[in-house]
Amino acid sequence: MHLAAGVLGLPTFVGSAILATAGIAIGLRKLTPRSLPSAALFAAVFFIVGTIHIPIGIGSVHLILNGLIGLLLGWLAFPVIFVALVLQALLFSFGGFAVLGANTLLLAAPAVMAHFALRPFVENSLGSQRKLLWLGLFAATIGIGGAALIAVTMLWSTGQQALLNLMVLFGVAQIPVWIIDAAVSALVVATLGRNLPQVFVK
Amino acid sequence: MSHEHRPDGRLRLAAALLVGFTVSLIRSIDTLLILTLFATVAAVVITVRDEEFPRILLKRLAIVNFFVAWIWITLPIDWLTLSWRTSGSELALQLTLRINAIALAVSTLLSRMNGIDLARAAVGLGVPQSLGTLLALAVRSIVLLDSTRSRLEQAMRARAYRATVSLRTIRVSAQLVSWLIVHALVRSERIRVGLTARGYTTTRWPTRQHSHWHALPISEWLLFFGVVAAIVLAWLLPIIWN
Chain A
280 MHLAAGVLGL
290 PTFVGSAILA
300 TAGIAIGLRK
310 LTPRSLPSAA
320 LFAAVFFIVG
330 TIHIPIGIGS
340 VHLILNGLIG
350 LLLGWLAFPV
360 IFVALVLQAL
370 LFSFGGFAVL
380 GANTLLLAAP
390 AVMAHFALRP
400 FVENSLGSQR
410 KLLWLGLFAA
420 TIGIGGAALI
430 AVTMLWSTGQ
440 QALLNLMVLF
450 GVAQIPVWII
460 DAAVSALVVA
470 TLGRNLPQVF
480 VK
Chain B
13 MSHEHRPDGR
23 LRLAAALLVG
33 FTVSLIRSID
43 TLLILTLFAT
53 VAAVVITVRD
63 EEFPRILLKR
73 LAIVNFFVAW
83 IWITLPIDWL
93 TLSWRTSGSE
103 LALQLTLRIN
113 AIALAVSTLL
123 SRMNGIDLAR
133 AAVGLGVPQS
143 LGTLLALAVR
153 SIVLLDSTRS
163 RLEQAMRARA
173 YRATVSLRTI
183 RVSAQLVSWL
193 IVHALVRSER
203 IRVGLTARGY
213 TTTRWPTRQH
223 SHWHALPISE
233 WLLFFGVVAA
243 IVLAWLLPII
253 WN
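Protein chains in written order, with my numbering: chain A, 280 to 481; chain B, 13 to 254.
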């Protein structure tokens, strides 16, 4: 889920860059020499899952998993997602450098929201596969739903009525992404909770 | 570690950010058309000097114009009445030119820069060292994890797995992601021990210092001021013409 460079107006462009910078700054304050290698590897995971395509009908969707990354990393999701987006823009031209702020904000802000909304329930859910599945499902719902909502708000804030069709199409296109992302996130959270529960423990 | 880039990576990145910022501001179709033309000329010049560049550029243009195609499907056509909207087509043209101008200019300005070069340039422009370190380590980690992913996918194929529209595909993809996360965590612990053993106990990036701005030769600044001049010229030309 990326917005292309040039589609946003200046106030949205600058505002989202400021908010993303603030989020990255908070994330970097949480970055320690101990957490640095795992943060870099999570950036690599986020980058690589973006290249995993799941077929749906005649097309395919790629995984996003920003809710899952947020659930695991909290505020660190901001710098981690930013780094992955820089590399996606550099290597695949997804998004673009000019809208890095906007794309970071729309993916990382819901990730952080998922962390704070679901973190209190994590430790109680570790013993139950069903609870872990729900946790992953909610993480993806907050991640994808939040990202779609922010993206549509950004397009709406350009003040162009003609963009309405694009916003509707963008919103509808996220439904299969959400279904696939939710199913994969739920199964990943359940697998990690069963095999590597320490990943959820602070 | 990265080699020294000519022109200076910081100036190239600053010029790319300047283009992204100013082009997002411009609404005049004439100005955007001139800027797209300038960016195309610059890309052609690079193409002459770099055989790899056209392939990379065409791939990037194909990706951004896939989004442009959606813009042309949704903006100029009122699908309820099946009528053409002039305001929508003008906006679609404006966005098409903006998107292509930025893609052409940024691809040209950052050509042959890899992730490490970009991180170093960003740190040189004042981005926190820890973010540079994270970017540099992420570049390395992608190589490591991608080989893990290739091995896992090879094992999946050996068990006759083929991605289809099915629950099994979702289940297997989830297992792949889970294993990538497990591998990432195990590997991060090994990397952390390795970094500590090398006395690396901060998040600062032990990279080479950049040359001082005033020590850069005029030829290095030409690219940056050339970009500034192109933007000013693209803004002035339609005004003079009309």
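In this text, a Cβ means the ideal position worked out from N, Cα and C, and glycines have one as well.
Tell me whether B:Val177 sits in a helix, a strand or coil according to DSSP, three-state version. For the purposes of this step, residue 177 of chain B is identified with residue 165 of the second sequence, where counting begins at 1. Three-state DSSP puts B:Val177 in coil, outside helix and strand.
With a cut-off of 8 Å, does the C-beta of B:Ile46 fall near any C-beta of chain A? Counting from 1 along the second sequence, the entry for residue 46 of chain B is found at position 34. No, because no Cβ of chain A sits closer than 8 Å to the Cβ of B:Ile46.
Taking the straight line between their C-alpha atoms, what separation do you get for B:Gly32 and A:Leu405? Residue 32 of chain B sits at position 20 when you count from the first residue of the second sequence. Residue 405 of chain A sits at position 126 when you count from the first residue of the first sequence. So the alpha carbons of these two residues sit roughly 46 Å apart.
Where in the segment 91-154 of chain B do unbroken runs of the alpha helix (DSSP H), each at least 4 residues long, occur, reported from the N-terminal end onward? 98-121 and 127-136
Amino acids of chain A, ordered along the chain, whose beta-carbon sits closer than 7 Å to that of B:Phe79: As a first step, residue 79 of chain B must be located in the second sequence, where it is residue number 67. Correct list: Ala283.
Which residues of the segment 321-336 of chain A have a Cβ closer than 8 Å to any Cβ of chain B? Give them in chain order. Phe321, Ala322, Ala323, Val324, Phe326, Ile327, Val328, Ile331, His332, Ile333, Pro334, Ile335 and Gly336
Give me, in chain order, the residues of the same chain whose beta-carbon lies closer than 7 Å to that of B:Asp20; leave out the 5 immediate sequence neighbours on both sides. Taking the second sequence and counting its residues from 1, one reaches residue 20 of chain B at position 8. Here the set comprises Leu228 and Glu232.
When DSSP labels each residue in this structure, what does B:Trp40 get in the three-state scheme? Position 28 of the second sequence, counted from the first residue, corresponds to residue 40 of chain B. For clarity, residue 40 of chain B is Ser in the given sequence; the question names Trp instead. DSSP places B:Ser40 in coil when its eight states are reduced to three.
Within 10 Å of its beta-carbon, does A:Ala393 have 16 or more other beta-carbons around it, so buried, or fewer, so exposed? By 1-based counting over the first sequence, the position of residue 393 of chain A is 114. Looking at its Cβ environment, which holds 16 or more other Cβ atoms inside 10 Å, A:Ala393 is buried.
Close beta carbons around A:Leu307, own chain, < 7 Å, minus the five adjacent residues each side: Along the first sequence, read from residue 1 onward, the residue named residue 307 of chain A stands at position 28. Here the set comprises Pro358.
So is A:Pro455 in contact with chain B if we call contact Cβ pairs under 8 Å? Here the question's residue 455 of chain A lines up with position 176 in the first sequence. Closer than 8 Å: no.
Note the first and the last residue of the continuous beta strand (DSSP E) segment covering A:Val478. The residue you call residue 478 of chain A lines up with position 199 of the first sequence. Element bounds for A:Val478: n/a, residue is neither H nor E.
Helix, strand or coil, according to DSSP, for A:His281 in the structure here? Along the first sequence, one-based indexing puts residue 281 of chain A at 2. In the structure shown, A:His281 sits in coil (DSSP, three-state: anything other than H, G, I, E or B).
Would you say B:Leu25 and B:Leu137 are within 8 Å of each other, going by their C-beta atoms? The residue labelled residue 25 of chain B in the question sits at position 13 within the second sequence. The residue labelled residue 137 of chain B in the question sits at position 125 within the second sequence. Contact flag set, yes.
Report the residue from A:Val328, A:Gly353 and A:Leu352 whose alpha carbon sits nearest the alpha carbon of A:Leu342. Reading the first sequence from its first residue, position 63 is the one you call residue 342 of chain A. The option with the nearest alpha carbon to A:Leu342 is A:Val328.
Since A:Ile335 sits in a beta bridge, which residues does DSSP pair it with? For the purposes of this step, residue 335 of chain A is taken as the residue at position 56 of the first sequence. Bridge partners of A:Ile335: A:Gly338.
B:Ala246 versus B:Thr52 - alpha carbon distance: Position 234 of the second sequence holds residue 246 of chain B. Position 40 of the second sequence holds residue 52 of chain B. Rounded to the nearest angstrom, the two C-alpha atoms are 14 Å apart.
Contacts that A:Ala319 makes with chain B (C-beta to C-beta distance below 7 Å): Taking the first sequence and counting its residues from 1, one reaches residue 319 of chain A at position 40. Those within 7 Å of A:Ala319 in chain B are Leu146, Leu149, Ala150 and Ser153.
From the beta carbon of B:Ser95, is the nearest beta carbon of chain C less than 8 Å away? Note that chain C does not occur in the displayed structure, where the protein chains are A and B.
Bounding residues of the alpha helix (DSSP H) (the contiguous stretch that carries A:His394): Numbered from 1 along the first sequence, position 115 holds the residue referred to as residue 394 of chain A. Per DSSP, A:His394 belongs to the alpha helix (DSSP H) from Leu379 to Ser404.
To the nearest angstrom, how far is it from the Cα of B:Ala131 to the Cα of B:Thr145? As a working mapping, residue 131 of chain B is identified with position 119 in the second sequence. As a working mapping, residue 145 of chain B is identified with position 133 in the second sequence. Taking the straight line joining both Cα atoms gives about 8 Å.
Whose CA, out of A:Thr291, A:Gln477 and A:Val478, lies closest to the CA of A:Ala377? As a first step, residue 377 of chain A is located in the first sequence; it is residue number 98 there, counting from the start. With distances taken between Cα atoms, A:Ala377 lies closest to A:Thr291.
Tell me the rounded alpha-carbon separation between A:Gly438 and A:Phe395. Sequence index remark: in the first sequence, residue 438 of chain A carries index 159 (1-based). Sequence index remark: in the first sequence, residue 395 of chain A carries index 116 (1-based). Roughly 32 Å separates the two Cα atoms.
Here's a check: name, in chain order, each residue in its chain whose Cβ is nearer than 7 Å to the Cβ of B:Arg72, leaving out the five neighbours to either side. Taking the first residue of the second sequence as position 1, residue 72 of chain B is located at position 60. The answer, listed in chain order, is Ala115 and Ser119.
With DSSP as the reference, please indicate the residues paired to A:Ile348 in a beta bridge. In the first sequence, counting from the first residue as 1, residue 348 of chain A sits at position 69. BP columns for A:Ile348 are empty, so no partner.
Kindly say whether B:Asp158, judged by its beta-carbon, lies nearer than 8 Å to any beta-carbon of chain A. Along the second sequence, one-based indexing puts residue 158 of chain B at 146. It does: the Cβ of B:Asp158 has a partner Cβ on chain A nearer than 8 Å.
According to DSSP, B:Ile89 sits in a beta bridge with which residue or residues? Indexing the second sequence from 1 puts residue 89 of chain B at position 77. Per DSSP, B:Trp96.
Coarse secondary structure for A:Ala469, derived from DSSP in three states: Here residue 469 of chain A refers to the residue found at position 190 of the first sequence. Residue state, collapsed to three classes: helix.
Taking the alpha helix (DSSP H) that A:Trp413 falls in, what are its first and last residues? In the first sequence, residue 413 of chain A corresponds to position 134, counting from 1. Looking at the DSSP string, the run of the alpha helix (DSSP H) that includes A:Trp413 is Gln408 to Trp435.
Flag A:Val478 as yes if its beta-carbon sits less than 8 Å from any beta-carbon of chain B, otherwise no. Taking the first sequence and counting its residues from 1, one reaches residue 478 of chain A at position 199. With 8 Å as the cut-off, A:Val478 counts as an interface residue toward chain B.
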